[in-house]
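What follows is a set of notes on a single structure, which appears directly below.
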Amino acid sequence: MTSRAKLVITDTVFPDLELEQSMLGDVADIVLAPPGDPGRLAELLTGAHAVLNCYAVLPPEVVDDMKHCLVICRTGIGLDTIPLDVATRRGIMVANVPDYCISEVADHTAALALSLLRRIDVSATHVRQGRWDYKLAGEVRRLGELSVGLVGFGRIARAFGSRMAAFGMKVRAHDPFVAQDSIREAGAEPVSLDQLFGECDVISLHAPLAPSTRHMVNEARLALMKPGAILLNSSRGGLVDFKALTAALVEGRIAGAGLDVLEQEPPVDMPDGIPNLIVTPHLAFYSREAMGELRRSAAAEIRRVLDGRVPKNWVNRASREVA
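Each number in the working numbering corresponds to the 1-based position in the sequence shown with 167 added.
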């Protein structure tokens, strides 16, 4: 651009904007939208040339009115806050940061799995209550005798699968967008979704949230799981029907669940007294190193576009080219 651009940051989880200012302040006026004021946010977005978006949902009608915008970059991986079809129709490039927290999420998911499989969380609670008896843990299986099923086979799923394989677990995967030969080459066995839910001891969700995947884990799919199986979700909360899941846990139809994401965050009414349920507050992505990488990568995408280039992670490139 020949003149200064206007960069609107819709929302942020970071304590300041020093990094963004240092990377973009020479080419853009940076404006942080006030929290809890959708009217003001819409007003700011209307005149934006570039947008950094974290958790704020961008209404389709607002994006459709963004006549000057060149790029929207999600400070994260998922894109469910951005109406991609509207942005594409408007000629707005959309980018994300798909690779900033691969090891963190894989590690966290593995930690949830190990805590449930080795009964660490519930056993530690027993000790705090003064109950020193390993038998209170219930049945514990040898990890090398178990199988893990990956719903989705992207970067994080593969990293998590390799961690579980290191414990001797057999890795299976289902992903309609990945060729079966590619799944095999990566060390997993391709299976159907119903086969995965019906046969695996650990089921880990790594799918994007879309209308077709919302509540993919529902009462019917939970009924396919083995009584000793556990469910993990560090992807998107909307993939799981939480009410159906808690019912299956309370009734003992599955052995446990480890969730880092919920459909509503924070939850309004978190159920108590479900010892085989572990919920963490959407922190799988977090480490000091990952946060710095995320901020730098997102700002760099904005910089590329304002300098007349295209984003490195241009997610609607194909749609733009077709259009």
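Yeah, the Cβ is synthetic: ideal placement off N, Cα and C, and Gly gets one too.
Around the beta carbon of H235, fewer than 16 other beta carbons sit within 10 angstroms, so the residue counts as exposed. Here E356 is bridged, per DSSP, to R339.
Judged by pairs of C-beta atoms under 8 Å, the region 201–221 does not touch the region 415–434, as fewer than three such pairs exist. The Cβ atoms of E356 and V338 lie closer than 9 Å to each other. When the five nearest sequence neighbours on each side are left out, the beta carbons in the same chain lying within less than 7 Å of the beta carbon of D288 are those of S282, I445, in order along the chain.
Scanning its chain for C-beta atoms nearer than 6 Å, with the 5 sequence neighbours on each side dropped, one finds around A324 the residues L317, H373, in chain order. Taking the Cβ atoms as the reference, I469 lies roughly 28 Å from A273, outside the contact range of under 8 Å.
Every alpha helix (DSSP H) of 4 residues or more that sits fully in the region 299–350 is shown, in chain order, as 322–332. Here A485 is exposed: its Cβ has fewer than 16 other Cβ atoms, across all protein chains shown, within 10 Å. Residue pairing by DSSP places N220 opposite R241 in a beta bridge. The three-state reading of DSSP puts K410 in helix, counting H, G and I together. A distance below 8 Å between beta-carbons, with the five flanking residues on each side excluded, links L416 to the following residues of its chain, in chain order: G423, A424, I441, N443, L444. Close CB contacts of V477 within its chain, under the 8 Å cut and outside five residues either way in sequence, are with M260, R471, R484 (chain order). Looking at the DSSP output, G425 bridges to L399, I445. Annotation for V272: the continuous alpha helix (DSSP H) segment containing it runs 269–284.
Spatial neighbours of A411 in its own chain (CB-CB distance under 7 Å, excluding positions within 5 residues in sequence) are listed in chain order as N385, E386, L389.
Ranked by Cα distance from D361, the options G405, D300, P343 are led by P343.
Between V369 and A280, the C-beta gap is smaller than 9 Å, which places the two residues in contact. Distance check between M392 and each of E185, T255, G258, I421 places I421 closest, using alpha-carbon atoms only. Nearest C-alpha to P448 among A466, N400, V238, F334: N400. Residue state for I176 is assigned as strand, using DSSP reduced to three classes.
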